[in-house]
Ligand code: 5RP
């Protein structure tokens, strides 16, 4: 692996092989999402716990201090909205010059396998990989399901992850599932990170699925709403950090969550 690629990957994946990415990119299709109306204020207290931020260039310039920033994974696909016809109809939004100008550690692009725009979004990924590999920039593929959350089963996710890896993604972000997440990870030749999806009923539920996913081979998380839409974002971030980087079990992480919450 060339120096630039290895250096960038090492900024986002820590020496223990694990990672905690904090996504605040939801506004690119959802607008001012609950608790993300002022992204700078949302992320500030969470920064000590995450290894990288997943953002668009708009939020990066408007809300992230460029001095001693966390490594940035730049969201570079978009062009659709929740009130539009089809969330899958994405294109690449950001030129390679802009990616280089922003000095990011990696870029992220969604693929919508099985959708009307499957080919278009897979080609977005492939072409982005072509451009980014020339400059040693890792591409993270996001296996998106649009509004169809029912697609979150192991068979579908394994298919989407494998295709994304085959097209050159260096990391694949997907959903955890309860019907064989190990098959998703084992069928994917590059590291897998877990997204959270819509807010879970309880905080413990989040810790449980993240812990299970880590046991089954994920290298970490890219988890947003279940952290910053929680009533207690900092305790959540701290508990998740303990699972990702300190091998905490669910009970230990939950205890940490409660302890931090009581001290707030
Ligand atoms: C939005 C994204 C998010 O980065 C991803 O879904 C993770 O966030 P959450 O945990 O809130 O689902 O790709 O398009």
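Numbering (the numbering used here), first residue to last: 4 to 267. We put the CB at the ideal spot given by N, CA and C, even for glycine. Owing to the predicted nature of the structure, the values given are computational and were not obtained by experimental measurement.
- Residue state for residue 10 is assigned as helix, using DSSP reduced to three classes.
- Residue pairing of residue 53 in beta bridges, as defined by DSSP: absent, with no partner found.
- Per DSSP, the continuous beta strand (DSSP E) segment holding residue 22 begins and ends at 22–26.
- By the neighbour-count definition (other C-beta atoms within 10 Å, threshold 16), residue 93 is a buried residue.
- About 6 Å separates the beta carbon of residue 140 from that of residue 102, a gap short enough to meet the 8 Å contact definition.
- Residue range 121–136 is occupied by the alpha helix (DSSP H) that includes residue 132.
- The alpha-carbon of residue 160 is positioned some 22 Å away from that of residue 95.
- For residue 162, the secondary structure class from DSSP, reduced to helix, strand or coil, is helix.
- Between the stretch 188–197 and the stretch 216–228, the count of Cβ pairs shorter than 8 Å is three or higher; the stretches touch.
- Taking a contact as a CB-CB distance under 8 Å, the pair residue 145 and residue 112 counts as one, their CB atoms being some 7 Å apart.
- In the DSSP annotation of this structure, the continuous segment of the alpha helix (DSSP H) that includes residue 45 starts and ends at 42–46.
- The shortest CA-to-CA distance from residue 260 to any of 238, 267, 204 and 250 is the one to 238.
- When secondary structure is reduced to three states using DSSP, residue 223 falls in the strand class.
- Spanning the alpha carbons of residue 9 and residue 88 requires a straight line of approximately 39 Å.
- For residue 146, the uninterrupted beta strand (DSSP E) run begins and ends at 142–146, by DSSP.
- Look at residue 4 here: in three-state DSSP terms it is coil, with no helix or strand label.
- Not one heavy atom of the ligand 5RP falls within 7 Å of the beta-carbon of residue 238.
- Residue nearest to residue 168 within the set 183, 156 and 196 is 196 (criterion: CA-CA distance).
- In this structure, residue 198 has its beta carbon less than 7 Å from a heavy atom of the ligand 5RP.
- By DSSP's assignment, residue 258 forms no beta bridge with any residue.
- Between residue 142 and residue 172, the C-beta spacing is below 8 Å.
- DSSP, reduced to helix, strand and coil, places residue 267 outside both helices and strands of the structure shown, so it counts as coil.
- Between residue 90 and residue 53, the C-beta spacing is not below 8 Å.
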